Amino acid sequence: MILGIETSCDETAAALVTLSGEVRASVIASQVDLHARHGGVVPEVASRRHLELVTPVIREALVEAGATLDEVETVAVTRGPGLVGALLVGLSAAKALAWARRLPLVAVDHLHGHVASLYLEPDPVDPPFLCLLASGGHTLLLDVRERGSFEVLGTTVDDAAGEAFDKGARLLGLGYPGGAALERLARAGDPDAFTFPVARMPGLDFSFSGVKTSLLYVVRDLGDEAEARRADLAASYQRALVRALSERTLAAAEQAEHDTIAVVGGVAANSELREALPSARFAPLALCTDNAAMIASAGRYGRSLPYPRYLDLDAYASRA
Ligand code: KG4
Ligand code: ZN
């Protein structure tokens with residue numbers, strides 16, 4: 000079994016996955032409540048919480064799998080991109096555990112992790128496919144030809160899709176993170192009530208900062224009336240984001256000549272996006288937002304460093 004550890008943002012997660020991709024345990028300790036009152040993740044607060052949670056979460060995963068550390072053959076851990084202080088907690092825990100038991104370690108890129116959420120049992124997606132990765136930190140169109148790698152076809156030039164959901168939610172007085180709350184509010188609204196234009200970037204890139212600003216202006220212009228129109232605003236705003244995502248995804252699939260489209264990351268949980276891409280394969284709901292099962296899954300395809308060659312590994316904040 001592979002032990003996966005993920006601490007790149009505000010979820011402390013550990014999972015046990017078999018080499019064939021069966022999830023034996025997946026434990027996620029969310030820090031959402033801790034950060035909500037700040038309206039976003041506070042890096043230093045996140046690191047300290049990871050430090051408290053990482054050992055109990057790993058223990059809990061072993062209990063859930065009915066396993067002991069003797070059955071762990073490899074440790075896979077997120078090395079980046081993410082909050083460096085947060086990443087270092089998971090990375091240090093992984094190194095210590097692997098070192099103590101003379102195990103190999105695989106350093107996993109978080110984005111490869113999201114894609115590898117598609118390779119788990121019981122219903123894995125096989126390459127080649129076009130993948131939309133839409134999360135709180137990233138929006139990418141990926142050409143996936145084999146399980147261990149991908150090529151980036153397009154990305155966002157400003158905000159990530161999840162960030163656009165979160166910022167819109169904030170403007171509408173919903174909490175943080177607001178993607179799921181905005182989706183719930185939108186259910187009672189009319190998606191055609193307002194028109195929010197989304198910038199069309201050349202090629203296969205995205206831009207979401209303008210649509211957020213146009214929501215801000217409409218809310219401001221509505222004044223006192225905005226409160227009564229919140230559901231309509233949410234529905235129209237969500238429609239604009241989903242349209243931008245689905246149109247570009249279909250264009251990318253055509254350009255790269257892929258018959259299969261897959262969608263991963265936190266925004267893949269959005270049901271309007273699921274409806275807009277009816278033939279696409281979506282990551283299972285439990286694996287859309289950050290988790291360690293996807294990291295363990297990616298660990299099966301990454302470079303395994305033998306004991307003790309991983310001790311000097313560093314975390315990285317961004318891919319560049
Ligand atoms: O993948 P993820 O857990 O974290 C990152 O790696 O960034 O994604 C979190 C993002 C947040 O921005 C959250 O608002 C968004 O995913 N999200 C949603 C939904 N559920 C989560 N966005 C739209 N609709 C949802 N149902
Ligand atoms: Zn993520």
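Residue numbers (numbering that gives the first Met the number 0): 0 to 319.
C-beta: ideal position from N, C-alpha, C; glycine also.
Here the structure is a predicted model, which means the values were calculated and not measured.
Item	Value
Closest by CA to G20, which one among S317, R299 and P305?	R299
Name the residue from V76, H49 and V44 whose alpha carbon lies nearest to the alpha carbon of G304.	Residue 304 is actually Leu in this sequence, not Gly. Here the closest residue by C-alpha is V76.
Assign H37 to one of two classes, buried (16 or more other C-beta atoms within 10 Å of its C-beta) or exposed (fewer than that).	exposed
Determine, using beta carbons only, whether V143 and V107 come nearer to each other than 8 Å.	no
Between A85 and S116, which are expected to be in contact by the criterion C-beta below 8 Å, what is the C-beta distance as a whole number of angstroms?	About 20 Å separates the two Cβ atoms, so there is no contact after all.
Is S134 close to the ligand ZN? I mean its beta-carbon at under 7 Å from any heavy atom of the ligand.	yes
Grab me the residues of G301's own chain with a C-beta within less than 6 Å of its C-beta, minus the 5 sequence neighbours each way, in chain order.	V105 and V107
Do the CB positions of A354 and I1 come within less than 8 Å of each other?	The chain is shown from 0 up to 319; residue 354 falls before or after that span and cannot be answered.
If I measure Cβ to Cβ from L163 and keep anything under 7 Å in the same chain, skipping five residues before and after, which residues do I get?	The sequence given here places Ala at residue 163; Leu does not occur at that position. For A163, where only same-chain residues beyond five positions count, the Cβ hits under 7 Å are F207, V210, K211 and L240.
What number of angstroms, rounded off, separates the C-alpha of T205 from the C-alpha of T54?	As written in the sequence, residue 205 is Phe, which differs from the Thr given in the question. In a straight line, the C-alpha of F205 is about 39 Å away from that of T54.
In three-state DSSP terms, what is R280?	strand
Pop quiz: T6 and H34 are said to be a contact at Cβ under 8 Å. What is the actual Cβ separation, rounded to whole angstroms?	Rounded, the Cβ-Cβ distance is 14 Å, inconsistent with contact.
Within 8 Å, do at least three Cβ pairs link the region 150 to 159 to the region 122 to 137?	yes
Closer than 7 Å: is that where the CB of V16 sits relative to any heavy atom of the ligand KG4?	no
At a cut-off of 7 Å, is D289 close to the ligand ZN when judged by its beta-carbon and the heavy atoms of the ligand?	yes
How about Q237 and E182: do their beta carbons lie closer than 8 Å?	yes
Could you tell me whether the region 267 to 276 touches the region 219 to 230, using the rule of 3 or more Cβ pairs below 8 Å?	no
Would you kindly report the start and end of the unbroken beta strand (DSSP E) that includes F164?	No beta strand (DSSP E) holds F164; the alpha helix (DSSP H) holding it covers A160 to L170.
Taking contact to mean at least 3 C-beta pairs separated by less than 8 Å, is the region 166 to 177 in contact with the region 186 to 194?	no
As a quick exercise: from R280, A282, L119 and A319, pick the residue whose alpha carbon is nearest that of S296.	L119
Quick check on the burial criterion: 16 or more other C-beta atoms within 10 angstroms. Buried or exposed for R308?	exposed
Return no unless some Cβ of chain C is closer than 8 Å to the Cβ of A35.	Of the protein chains in this structure there is only one, and it is not chain C.
So, with DSSP's three-state summary, where would you put L132?	strand
Just reading off the beta strand (DSSP E) that D108 is part of, what are its end residues?	L104 to D108
List the endpoints of the continuous beta strand (DSSP E) containing V263.	I260 to V263
Please work out which residues of its chain come closer than 6 Å, Cβ to Cβ, to L129, disregarding the five sequence neighbours upstream and downstream, and give them in chain order.	A251, A252, A255, H257 and I260
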